[in-house]
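First the structure, in the form of structure tokens, and then the observations on it.
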Amino acid sequence: MKIVTAKQMQEIDKTAIEERGIPGLELMENAGRGIAEYLYDISDNDVSTKNVAVICGKGNNGGDGFVVGRYLSEWGAAVNFYLLGKKDDLKGDAETNLKRALEMELPIEEISSPEELELSEETDLIVDAIFGTGFHGDIREPMDQMVEKINSYDIPIAAVDCPSGLNTSTGELSRSSIIADFTATLALPKIGHFLYPGVEHVGELTVIDIGIPEDVIDKKDLDLNLIDELYIDDHLPRHPESGHKGDLGKLFIIAGSEGSTGAACMAANTATRCGIGLCFLGIPESLNDICEIKCTEALTRTLPEVGKKRCFALRGLGEFKQYFEWADAVALGPGIGTHHETKELVKRLMSRITLPTVIDADGLNCFQGDAQPLIDAEFPCVLTPHPGELSRLLDVPIKEIVADRLKYARIAANQLKKVVLLKGAPTFIAEPEGQAYLNPTGNIGMAKGGSGDVLTGLIGTLLAKGLSPLDAACCGAFLHGMAGDFCRDEIGSMGMVPTDMIYMLPEIFLYFRE
Numbered sequence: 002m003k004i005v006t007a008k009q010m011q012e013i014d015k016t017a018i019e020e021r022g023i024p025g026l027e028l029m030e031n032a033g034r035g036i037a038e039y040l041y042d043i044s045d046n047d048v049s050t051k052n053v054a055v056i057c058g059k060g061n062n063g064g065d066g067f068v069v070g071r072y073l074s075e076w077g078a079a080v081n082f083y084l085l086g087k088k089d090d091l092k093g094d095a096e097t098n099l100k101r102a103l104e105m106e107l108p109i110e111e112i113s114s115p116e117e118l119e120l121s122e123e124t125d126l127i128v129d130a131i132f133g134t135g136f137h138g139d140i141r142e143p144m145d146q147m148v149e150k151i152n153s154y155d156i157p158i159a160a161v162d163c164p165s166g167l168n169t170s171t172g173e174l175s176r177s178s179i180i181a182d183f184t185a186t187l188a189l190p191k192i193g194h195f196l197y198p199g200v201e202h203v204g205e206l207t208v209i210d211i212g213i214p215e216d217v218i219d220k221k222d223l224d225l226n227l228i229d230e231l232y233i234d235d236h237l238p239r240h241p242e243s244g245h246k247g248d249l250g251k252l253f254i255i256a257g258s259e260g261s262t263g264a265a266c267m268a269a270n271t272a273t274r275c276g277i278g279l280c281f282l283g284i285p286e287s288l289n290d291i292c293e294i295k296c297t298e299a300l301t302r303t304l305p306e307v308g309k310k311r312c313f314a315l316r317g318l319g320e321f322k323q324y325f326e327w328a329d330a331v332a333l334g335p336g337i338g339t340h341h342e343t344k345e346l347v348k349r350l351m352s353r354i355t356l357p358t359v360i361d362a363d364g365l366n367c368f369q370g371d372a373q374p375l376i377d378a379e380f381p382c383v384l385t386p387h388p389g390e391l392s393r394l395l396d397v398p399i400k401e402i403v404a405d406r407l408k409y410a411r412i413a414a415n416q417l418k419k420v421v422l423l424k425g426a427p428t429f430i431a432e433p434e435g436q437a438y439l440n441p442t443g444n445i446g447m448a449k450g451g452s453g454d455v456l457t458g459l460i461g462t463l464l465a466k467g468l469s470p471l472d473a474a475c476c477g478a479f480l481h482g483m484a485g486d487f488c489r490d491e492i493g494s495m496g497m498v499p500t501d502m503i504y505m506l507p508e509i510f511l512y513f514r515e
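In the numbering used here, the protein residues as written are 2 to 515.
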């Protein structure tokens with residue numbers, strides 16, 4: 002599913018109306034009916050006992066609200082409209098739908114001050130139809146006080162298209178903004194629905210089909226996509242019951258150094274929990290005893306190390322060949338450190354690996370100041386940096402990357418000629434050809450050391466099972482975040498740790514299988 006800015010959505014609406022001849026009034030009718038149907042569904046298919054307050058602005062968002070309330074009333078709800086302004090202020094399609102509500106003799110109260118906005122104690126639901134996706138800046142007085150008063154009611158709020166006060170292109174919020182429990186957005190999701198701080202005001206998001214033809218959207222050449230459950234269901238690997246371990250993927254993980262055996266073992270244990278057929282964990286030789294204790298299913302393979310440094314040595318370069326010939330995919334980087342021999346080893350591996358590979362953590366840090374070997378590498382590849390690692394790769398200040406992670410994910414994919422998964426809230430995936438993807442799953446409980454190692458093991462497994470770098474990155478990000486969300490819901494974000502996600506991943510796969 003495509004994601005748009007407010008401007009792109011306006012252009013799509015304009016094309017549908019002016020070039021395809023779809024009346025704006027028809028789109029508004031479809032929008033209001035679709036939102037009403039959604040509210041009907043989440044009310045257990047019965048609104049006859051509901052008292053609904055529909056709070057309308059003077060623009061088209063308010064017009065949508067009048068349609069929503071009209072349908073809810075037809076289905077048995079007790080609907081009261083609160084117009085923040087005068088009836089004479091409405092124009093065009095919004096005015097038409099105001100008149101239709103008046104013809105049905107539905108109660109419409111004009112509100113000009115916060116004191117006049119008094120909702121019945123029997124109100125079960127508030128519909129926010131004040132400002133739509135064209136809003137930006139700050140809500141002015143006295144409207145801002147009305148918004149604060151709406152938020153003060155202990156009543157669920159459903160937003161029409163977006164919570165009033167949200168900039169749907171940037172995720173910025175007005176000083177006073179509606180805090181919605183549900184948001185029903187029209188035609189396509191907007192990027193501001195997923196960006197902080199705005200995402201915290203959106204609540205449960207659903208997309209309403211308003212009848213814009215698919216080809217109108219396709220012709221806009223939109224380049225930002227939403228990863229959703231349908232995407233995962235379409236791309237998640239499936240294996241015949243007659244398969245054996247050799248059919249389920251073989252992954253070679255290159256990880257670990259002194260003090261970082263946890264990173265190596267979390268990546269390997271994730272792979273085994275995600276259905277890998279065989280996993281070889283390549284580690285510096287003196288770490289073998291530790292990793293054998295931590296890893297039961299994965300097979301450890303010792304590789305030459307640097308003296309007492311207990312990290313990968315350059316002289317071991319030749320020994321990697323046998324594992325590359327055996328494996329279906331490679332995961333490189335968790336906890337390997339950045340000793341000068343390890344860095345040189347990693348750079349030289351770039352011309353020797355031919356398998357699909359995910360590179361993370363110190364595997365990326367090894368290219369600080371010299372990314373050319375990575376750029377020249379021709380194997381299918383996913384890079385999974387956090388902003389600090391990408392800052393070192395691109396030689397760009399971290400604060401610039403954090404300020405516009407989508408932009409820098411695109412830049413990195415273009416410059417490095419690889420699929421780039423830039424971690425964060427939200428995570429963005431970009432491919433060199435220009436398309437980008439937003440992952441909506443995940444939470445603050447995942448902002449802990451080790452979460453990235455779990456993601457590396459997961460993406461490595463998906464690559465070994467035959468997914469393309471792009472599909473492995475998108476599916477990996479979504480499943481990883483979903484495991485984090487399941488953990489948060491079960492034990493809370495404060496106390497959850499990355500290994501909790503490893504044990505939760507089988508439930509995620511079961512969820513999609515069922």
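Quick reminder that beta carbons are idealized off the backbone N, C-alpha and C, glycines included. Model, not experiment: these values are computed from the prediction.
N- and C-terminal bounds of the beta strand (DSSP E) containing Thr184: Numbered from its first residue, the sequence shown carries residue 184 at position 183. From DSSP, the beta strand (DSSP E) with Thr184 extends over 183 to 187.
Cβ separation of Thr462 and Ala272, assumed to be a contact under 8 Å, to the nearest whole Å: Within the sequence shown, the letter at position 461 stands for residue 462. Within the sequence shown, the letter at position 271 stands for residue 272. At roughly 5 Å, the Cβ-Cβ gap stays under 8 Å, so Thr462 and Ala272 are in contact.
Collapsed DSSP secondary structure at Ala159 in the structure displayed: Along the sequence shown, read from residue 1 onward, the residue named residue 159 stands at position 158. Strand, per DSSP.
C-beta atoms of Ile17 and Asn62 nearer than 8 Å: Reading the sequence shown from its first residue, position 16 is the one you call residue 17. Reading the sequence shown from its first residue, position 61 is the one you call residue 62. The identity of residue 17 in the sequence shown is Ala, whereas the question assumes Ile. The answer is no: Cβ separation not under 8 Å.
For Leu103, the three-state DSSP class (helix, strand or coil): Translated into the one-based positions of the sequence shown, residue 103 becomes position 102. Correct three-state label for Leu103: helix.
Glu30 burial status per 10 Å Cβ neighbour count (16 or more: buried): The residue given as residue 30 occupies position 29 in the sequence shown. With 16 or more other Cβ atoms within 10 Å, it is buried.
Beta carbon of Gly317 nearer than 8 Å to that of Arg302: Translated into the one-based positions of the sequence shown, residue 317 becomes position 316. Translated into the one-based positions of the sequence shown, residue 302 becomes position 301. No, Cβ-Cβ distance for Gly317 and Arg302 is not below 8 Å.
Integer Cβ distance of Leu174 from Gly199, believed to fall under 8 Å: Along the sequence shown, one-based indexing puts residue 174 at 173. Along the sequence shown, one-based indexing puts residue 199 at 198. That belief holds up - the Cβ atoms of Leu174 and Gly199 are roughly 6 Å apart, short of 8 Å.
Sheet register partners of Lys191 (DSSP bridge): As a working mapping, residue 191 is identified with position 190 in the sequence shown. Paired residues: Val5.
Among Ser114, His387, Ile209, the one whose alpha carbon lies nearest that of Asp162: Locating residue 162 in the sequence shown gives position 161, where the first residue counts as 1. Per the Cα distances, Ile209.
Simplified DSSP assignment, three categories, for Ile23: The residue you call residue 23 lines up with position 22 of the sequence shown. Coil, per DSSP.
Close Cβ partners of Val53 (< 6 Å) along its chain, the five nearest in sequence each way excluded: By 1-based counting over the sequence shown, the position of residue 53 is 52. Result list for Val53: Leu73, Ala78, Val80, Leu126, in chain order.
Extent of the continuous beta strand (DSSP E) run through Asp52: The residue given as residue 52 occupies position 51 in the sequence shown. Residue identity check: residue 52 is Asn in the sequence provided, not Asp. Here the beta strand (DSSP E) through Asn52 covers 52 to 57.
Residue burial classification, Pro398 (beta-carbon count within 10 angstroms, cutoff 16): To locate residue 398, count along the sequence shown from 1; it is residue 397. Pro398 comes out exposed.
Cβ neighbour criterion (16 or more within 10 Å) applied to His245: By one-based count along the sequence shown, residue 245 stands at place 244. Label assigned to His245: exposed.
Which of helix, strand or coil DSSP assigns to Gly138: Walking along the sequence shown from the start, residue 138 turns up at place 137. Gly138: coil per DSSP, three-state reduction.
The beta strand (DSSP E) enclosing Asp125, as first and last residue numbers: To locate residue 125, count along the sequence shown from 1; it is residue 124. Premise fails: Asp125 is in no beta strand (DSSP E) and is neither H nor E.
Inter-residue CB distance, Gly70 and Val128 (contact presumed, cutoff 8 Å): By one-based count along the sequence shown, residue 70 stands at place 69. By one-based count along the sequence shown, residue 128 stands at place 127. Sure, about 7 Å apart at Cβ, within 8 Å.
Span of the beta strand (DSSP E), counted from its first residue to its last, around Asn81: Here residue 81 is taken as the residue at index 80 of the sequence shown, counted from 1. Residues 79 to 84.
Identified DSSP bridge partners for Asn226: Here the question's residue 226 lines up with position 225 in the sequence shown. Paired residues: Lys3, Tyr438.
Where Lys100 falls, given that 16 or more other Cβ within 10 Å makes a residue buried: The count along the sequence shown starts at 1 and reaches residue 100 at position 99. That one is exposed.
Strand pairing of Thr207, partner residues [DSSP]: Residue numbering aside, residue 207 sits at position 206 when the sequence shown is read from its first letter. Note: Thr207 sits in a beta bridge opposite Ala185.
DSSP state of Ile213 mapped onto helix, strand, coil: Within the sequence shown, numbered from 1, the residue matching residue 213 stands at position 212. Three-state DSSP puts Ile213 in coil, outside helix and strand.
Same chain, Cβ closer than 8 Å to Lys295, neighbours up to 5 away in sequence not counted: Translated into positions along the sequence shown, residue 295 becomes position 294. Result list for Lys295: Thr262, Gly263, Cys266, Asn270, in chain order.
Beta-carbon proximity check, Ala431 vs Ile211, cutoff 8 Å: Translated into positions along the sequence shown, residue 431 becomes position 430. Translated into positions along the sequence shown, residue 211 becomes position 210. Cβ atoms of Ala431 and Ile211: not closer than 8 Å.
Contact between the segment 338 to 350 and the segment 360 to 378 (3+ Cβ pairs under 8 Å): yes
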